[in-house]
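S.K.: What follows is a structure written as structure tokens; I'll ask about it next.
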Amino acid sequence: QTKTTTMATEGESMDVDSAAPSGGDTPMSPPKAAEPIQPEEEEEDCSDLSDLLESINDASTTPSAKIPVLTSILNDPAERHGPKASAIKERAVYALARAYCEDNRHDEVVTLLTGAACAPFFANITKAKCAKVVRAVLDAVCALAPDKLDMQAQICHNIIAWCQAEKRSFLRQRVEAKLASVLFQQDKYAEALALVDNLLLELKKLDDKQLLVETHLVESKIHHGLRGMAKSKAALTASRTNANAIYVAPALQSQIDLMSGVLHCEEGDYDTAHSYFLEAFEQLDQLDDRDKAMPCLKYMMLCRILDGLSKALGISASGTMGIRSDRAEVDISGMVSGKRGVKYAGRDMEAMSAIAAAASERSLKDYEAVLAKYPNELQDDLLIRHHLKTLQEQLLESNLIRIIEPYSCVEIDHVANLIEMPLPVVEKKLSQMILDGKFHGILDQGKGQLIVYEETDTDKAMEKGLKVIENMDKVVTSLFSRSQALRSMMI
242 QTKTTTMATE
252 GESMDVDSAA
262 PSGGDTPMSP
272 PKAAEPIQPE
282 EEEEDCSDLS
292 DLLESINDAS
302 TTPSAKIPVL
312 TSILNDPAER
322 HGPKASAIKE
332 RAVYALARAY
342 CEDNRHDEVV
352 TLLTGAACAP
362 FFANITKAKC
372 AKVVRAVLDA
382 VCALAPDKLD
392 MQAQICHNII
402 AWCQAEKRSF
412 LRQRVEAKLA
422 SVLFQQDKYA
432 EALALVDNLL
442 LELKKLDDKQ
452 LLVETHLVES
462 KIHHGLRGMA
472 KSKAALTASR
482 TNANAIYVAP
492 ALQSQIDLMS
502 GVLHCEEGDY
512 DTAHSYFLEA
522 FEQLDQLDDR
532 DKAMPCLKYM
542 MLCRILDGLS
552 KALGISASGT
562 MGIRSDRAEV
572 DISGMVSGKR
582 GVKYAGRDME
592 AMSAIAAAAS
602 ERSLKDYEAV
612 LAKYPNELQD
622 DLLIRHHLKT
632 LQEQLLESNL
642 IRIIEPYSCV
652 EIDHVANLIE
662 MPLPVVEKKL
672 SQMILDGKFH
682 GILDQGKGQL
692 IVYEETDTDK
702 AMEKGLKVIE
712 NMDKVVTSLF
722 SRSQALRSMM
732 I
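In this text, residue positions in the sequence shown follow our numbering: the first is 242, and each later residue adds one.
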């Protein structure tokens, strides 16, 4: 084995020596100078594009003046599409979308992504980069023009049509999920639900957990808007199940907690709802997202108001009349004067504080005055509008019961004057309360009077007697059916 190794070594040396020039007298050629390594591609000169992009950063430049400059960057005559040029053009797309929104040229925003301006740029970048740019522009436009829902929906429709033509399924699914959310905000529940159902069929086959979480969350919101609480809860459970398998961003997790609080609030579990709203608020407060954190704070105040008054109003409506709720039960001064209240002070906080004060006094007149003074803050939100309407009905019932308590017969006109409400409204509400069993009485419309009967203890003997008769009827019916069966067998 040693000899073989030696021979191999000698052979290798022979190969090396054979490459050397033979003969000792031949002069050796001087070593060649190392040639510089040339880059595979020369770096593009994009200084002109960079200068154009930097020129619009001046604060004095108006949005209308920025648009031609940004358009010229995208319509680059030199058709540069290297890494540096692509990065500059990507920033130009974002800046152009912002400029259109600031200049209120929303029609141009609709055709920005699918028009001729961005077509060369999208054609020379990867599909993943293209999807990132499209989603970023869509999110930016929705944030800059949150009230322009028709424009947002049209942009989504255009992008979906473009994705279908280019066969980009993953981007289309993302945009369809966004479109479903926009349709929900437009109160187009039927269209949004149909879109979500078709999208969920595709996503379950692909097992895209992240998009499944978002889509099920939108589905839960839609069913809640349709007042289908069972389906809304099932969709939210599906969203939470998928969220447990992946990492969920704090912004999305806060939306899941917010929806959980909404459903618990609808079920009357105000303590649990308050805890979910608090979780969502703290996450959004850390993200410094004031627009989304403010509704959570309003929901927390609403839960305190409803939880403080539910027992008092329930007692009053059930027959024990004239009980006023304690002021401390609906005191939300801690939320208003604390660190959160100072940070989020404004008309929204003032509106909820005024509602709490009116509810504490059980003053229907003050309550309606607050609703008229703060229509946008109290009526635009679906959850707050629904529960404030329910609270208004409870206040009306408790005030009516308290007014009619001393009387056995009272004129309806007198009741309407005391409560300071129109006569038809009071008459309709009294008839509804009689039918619901809130108190015993009749309406004499001929005389315009309300006759109230004293509540008497129910006759237990009568109830048991009726139950015995009911059971006897079942026995006789069973015996009759058996006798008929025996008679048919004998025949």
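The C-beta atom is built at its ideal place from N, Cα and C for all residues, glycine as well.
Bear in mind the structure is a predicted one, so any value in this text is a computation, not a measurement.
Just how far apart, CA to CA, sit R321 and S291?
M.R.: About 13 Å.
S.K.: Hey, would you say the C-beta of R413 is under 7 Å away from at least one heavy atom of the ligand COA?
M.R.: The ligand COA is not part of this structure, which contains no ligands at all.
S.K.: Tell me which same chain residues have a C-beta within less than 6 Å of the C-beta of W403, skipping the five on either side of it?
M.R.: Same-chain partners within the cutoff: T355.
S.K.: In its own chain, which residues sit with a C-beta less than 7 Å from the C-beta of A418, not counting the 5 before and 5 after it?
M.R.: So the list reads L440, L452, E455, T456 and V459, once near-sequence residues are dropped.
S.K.: So, helix, strand or coil for I366, using DSSP?
M.R.: In the structure shown, I366 sits in coil (DSSP, three-state: anything other than H, G, I, E or B).
S.K.: Since L684 sits in a beta bridge, which residues does DSSP pair it with?
M.R.: BP columns for L684 point to L691.
S.K.: How many Å lie between E343 and N640 at the Cα?
M.R.: C-alpha separation (whole angstroms): 51 Å.
S.K.: Considering only their Cβ atoms, is the gap separating I463 from L434 smaller than 8 Å?
M.R.: Yes, Cβ-Cβ distance for L434 and I463 is below 8 Å.
S.K.: Within its chain, find whatever has a CB closer than 7 Å to the CB of L412; leave out the 5 residues flanking it on each side and keep chain order.
M.R.: The residues are A372, V375 and C404.
S.K.: Whole angstroms is fine: what's the gap from A486's alpha carbon to M535's?
M.R.: Their backbone Cα atoms lie some 29 Å apart in a straight line.
S.K.: Taking only three categories from DSSP, how would you classify V651?
M.R.: Here V651 sits in strand by DSSP.
S.K.: Can you check which of these residues, D654, S301 and R339, is closest to L311 by C-alpha distance?
M.R.: Out of D654, S301 and R339, R339 has the C-alpha closest to the C-alpha of L311.
S.K.: Taking Cβ to Cβ, would you say L315 is nearer than 8 Å to K330?
M.R.: The answer is yes: Cβ separation under 8 Å.
S.K.: Could you tell me the distance, in whole angstroms, from the CA atom of G687 to the CA atom of E508?
M.R.: Distance between the alpha carbons of G687 and E508: 41 Å.
S.K.: Looking at the secondary structure, which residues open and close the alpha helix (DSSP H) in which N439 lies?
M.R.: Y430 to L447 is the extent of the alpha helix (DSSP H) around N439.
S.K.: Could you tell me the distance, in whole angstroms, from the CA atom of A358 to the CA atom of Q414?
M.R.: Each residue's alpha carbon lies about 24 Å from the other.
S.K.: Could you spell out where the alpha helix (DSSP H) holding C342 opens and where it closes?
M.R.: Residues P324 to E343.
S.K.: May I ask you to report which of helix, strand or coil DSSP gives R481?
M.R.: Reduced to three states, the DSSP call for R481 is helix.
S.K.: Measuring only the C-alpha atoms, how far is Y540 from S719?
M.R.: Near 56 Å, if we compare the C-alpha coordinates of S719 and Y540.
S.K.: For L294, would you say it is in contact with chain B, using Cβ-to-Cβ distances shorter than 8 Å as the test?
M.R.: Considering every chain present, this structure includes no chain B. It has just one protein chain.
S.K.: Name the two residues that bound the continuous alpha helix (DSSP H) containing C506.
M.R.: Residues P491 to E507.
S.K.: Do M392 and V334 come within 8 Å of each other at the CB atom, strictly closer than that value?
M.R.: Contact: no.
S.K.: For G678, does the three-state DSSP call read helix, strand or coil?
M.R.: Three-state DSSP puts G678 in coil, outside helix and strand.
S.K.: Which residue wins for smallest C-alpha separation from Q588, given the options E609, L727 and N617?
M.R.: For the record, residue 588 in the displayed sequence is Arg; it is not Gln. For the residues E609, L727 and N617, the minimum Cα distance to R588 belongs to N617.
S.K.: My output table needs one value for Y585: the three-state DSSP class, helix, strand or coil.
M.R.: Note: Y585 maps to coil in three-state DSSP.
S.K.: Please report the Cβ distance between A735 and C287, rounded to the nearest whole angstrom; I am assuming they are in contact, meaning their Cβ atoms lie under 8 Å.
M.R.: With the chain covering 242 to 732 only, the question about residue 735 has no answer from this structure.
S.K.: Would the beta-carbon of A475 fall within 8 Å of that of L499?
M.R.: No. Outside cutoff.
S.K.: Give me, in chain order, the residues of the same chain whose beta-carbon lies closer than 6 Å to that of R728; leave out the 5 immediate sequence neighbours on both sides.
M.R.: Within the same chain, R728 has no close Cβ partners at all.
S.K.: Alpha carbon to alpha carbon, how far is D317 from D289?
M.R.: Spanning the two alpha carbons is a distance of roughly 10 Å.
S.K.: The alpha helix (DSSP H) that contains T312, what's its start and end?
M.R.: That run of the alpha helix (DSSP H) goes P304 to L315.
S.K.: Which of the three DSSP states, helix, strand or coil, is assigned to Q405?
M.R.: DSSP places Q405 in helix when its eight states are reduced to three.
S.K.: Cutting at 6 Å between CB atoms, please list the residues of its own chain near L467, excluding the five before and the five after it.
M.R.: Result list for L467: Y430, in chain order.
S.K.: Please state whether DSSP places M731 in a helix, a strand or coil.
M.R.: In the structure shown, M731 sits in a helix (DSSP, three-state: H, G or I).
S.K.: Does M590 pass the burial test, meaning 16 or more other C-beta atoms within 10 Å, or should it be called exposed?
M.R.: That one is buried.
S.K.: Cutting at 8 Å between CB atoms, please list the residues of its own chain near H681, excluding the five before and the five after it.
M.R.: The residues are I675, V693, Y694, E695 and E696.
S.K.: As an exercise, report each continuous beta strand (DSSP E) stretch of at least 3 residues that is fully enclosed by the segment 584-652, in chain order.
M.R.: Correct list: 650-652.
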